[in-house]
Amino acid sequence: MKIIEGQDAVLGRLASYAAKEALKGEEIVILNCKKIAITGDKKNIKESFEAKRKRVGSTQKGPKVSRTSEKIVKTAIRGMLPNYRKGRGKIAFKRIKCYSGVPKEYEESKKIILEQKINGKKINIEKISKWQK
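For any residue, its number in my numbering is found by taking its place in the sequence shown, counting from 1, and adding 1057.
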């Protein structure tokens, strides 16, 4: 089992690492999902997330894109798996667990830190999940 500390990690790099390890057969736990950073211009990030949230058909009800930080991270990882609906992608996706904080059972365990120095623009997932329509 690999436990990844999400604080100040870049979302894309964390997601690709988690997807590769899950495909190898590892159980993956990601902690502090709300503190994961997305790099880029704040305005462009906001526009892309709002466009995803508005993509709901006329007969469908409810939000199809979740606002919780754990589900935003899990969706990014899902996009890097081969076919998450069947086969090895589905099995790998079940091996991944995401938490917005640090549960008691993982407080004392050794964590992998993927934090990298970000020189440019960034925004935390916590702020994205709080944006209103």
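Built from N, CA and C at the ideal position, the CB exists for glycine as well.
Worksheet item: How big is the Cα-Cα spacing for S1166 and T1096?
Response: If you take the alpha carbons of S1166 and T1096, they lie about 28 angstroms apart.
Worksheet item: Nearest to E1084 by alpha carbon, out of I1148, E1164, K1174, L1171?
Response: Comparing Cα positions, the closest option is I1148.
Worksheet entry | Distance between beta carbons of E1127 and S1157, contact taken as under 8 angstroms | The pair is a contact, with the Cβ atoms about 6 angstroms apart (cut-off 8 angstroms).
Worksheet item: Below 8 angstroms between beta carbons: does that hold for K1178 and K1099?
Response: In this structure, K1178 lies near K1099, with their beta-carbon atoms less than 8 angstroms apart.
Worksheet entry | Counted within 10 angstroms of its Cβ, other Cβ atoms place I1182 as buried (16 or more) or exposed | Taking all protein chains in view, the Cβ of I1182 is crowded by 16 or more other Cβ atoms within 10 Å, so the residue is classified as buried.
Worksheet item: Between which two residues does the beta strand (DSSP E) carrying T1096 extend?
Response: From DSSP, the beta strand (DSSP E) with T1096 extends over 1094 to 1096.
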